[in-house]
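Counting along the sequence shown from 1, when you hit position 190 you're at 173 in my numbering, and nothing is skipped either side.
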Amino acid sequence: MRRIGLYYGSFDPATTLQISFAVRKKKQLDLDEVWFVLSEEGNPYKHRMTLLRLRLNRKGYKVIREAELKKNQKDQYIDITDDSLSLKQLTYSDLKYLTTRQKRYIMEHYLYLESISKSTLKEHRWQHVQRVAGLCRQFAGGNGYDERKAYCAGMLHDIAKNMDRETLEGYMKTFCPEYIDRNWQVWHQYVGAVILQRELKMRDRKIIKAVRNHATGDDQDILSMIVYCADKLDPGRGYDSSQQIALCTKNITDGYKLVRKEQIEYLKKEGVI
Ligand SMILES: [Fe+2]
Ligand SMILES: [Fe+2]
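This is how it looks when you write it as structure tokens:
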């Protein structure tokens, strides 16, 4: 007779806390195996399973779907579920419970983008980010670019926007001293790129570059132009941007030239540059 611990949950995604709990329970209760029994709700099963296996792929642990759970009469099953350890939504501060490999997988598959982004922002900024991400997808679609990648860049572009000036300054001094003389309002683009690389383990250079230039529009890679224009043309900014939006959807290079020209004129008028 085997003693099997059943750990029910959505594991969306599985965290260090849950893994160490399972390992501890296996020892404490002298279990032969622990089975992670995945419920149907949440992100696709294959992602949740991979994220679990990336963290715990060794003998004595199994991952199965709840619908496929079959119990053998010869074995003894012990429910070790602890719901208090599961995440409702993966937030920015929960990233500390994930390993680098898990975070890389999450970024490569564009998972949890909304909950991570939302957790760093105030409500009005979150509304802005959702509109920008939608515009990014629209511009990408119209220009034959990868829509999911563009949406991801839009969703994460203001990841550092809510940081206070002191925190931003700390990051700037450490990671981007060469840009510290620029207006502090644009620091969040550099710090955002740093956060993407260091905290989220993002490895997509185009996305990092697009975030790093989204406020100033200094880069002309297609994705950088998409995010810059989407950010500036957010209809929530309070002016009619429908013509520029139409142009960007048709031709992002032409749209970028127009938006950048208008932006420079505006900044001059306001006395910012
Ligand atoms: Fe921004
Ligand atoms: Fe923005």
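The beta-carbon is built from N, C-alpha and C at its ideal position, and this holds for glycine as well.
All values reported here derive from a predicted model rather than from experimental measurement.
| Asked | Found |
| --- | --- |
| Which first and last residues belong to the alpha helix (DSSP H) in which leucine 151 is found? | 148 to 158 |
| Is any non-hydrogen atom of ligand 2 found closer than 6 Å to the C-beta of aspartate 214, if you look at the structure I gave you? | yes |
| If you follow the beta strand (DSSP E) that tyrosine 173 is part of, which residue opens it and which one closes it? | That residue, tyrosine 173, is in no beta strand (DSSP E); its alpha helix (DSSP H) goes 170 to 181. |
| May I ask which residues mark the beginning and end of the beta strand (DSSP E) holding glutamate 16? | 16 to 21 |
| When the Cα atoms are used, what is the spatial distance from isoleucine 257 to threonine 83? | Given a span of -16 to 256 for the chain in the structure shown, any question on residue 257 remains unanswerable. |
| Verify the CB distance criterion: does lysine 240 have a CB-CB separation below 7 Å to chain B? | No chain B appears in this structure, which consists of one protein chain only. |
| Using the rule of at least 16 other Cβ atoms within 10 Å of the residue's Cβ for burial, across every protein chain shown, is asparagine 166 buried or exposed? | exposed |
| So if DSSP puts isoleucine 47 in a beta bridge, which residue, or which two residues, is it bridged to? | Val20 |
| Are the CB atoms of isoleucine 89 and arginine 38 within a distance shorter than 7 Å? | no |
| Report the option in Gly(-8), Phe19, Lys53 and Ile205 whose CA atom is closest to the CA atom of glycine 25. | Gly(-8) |
| Which term fits isoleucine 247, buried or exposed, when burial requires 16 or more other beta carbons within 10 angstroms of its beta carbon? | exposed |
| So who's on the other strand from arginine -14, going by DSSP bridges? | Gln59 |
| Go to lysine 215, then tell me how far its alpha helix (DSSP H) extends in each direction, as first and last residue. | 205 to 216 |
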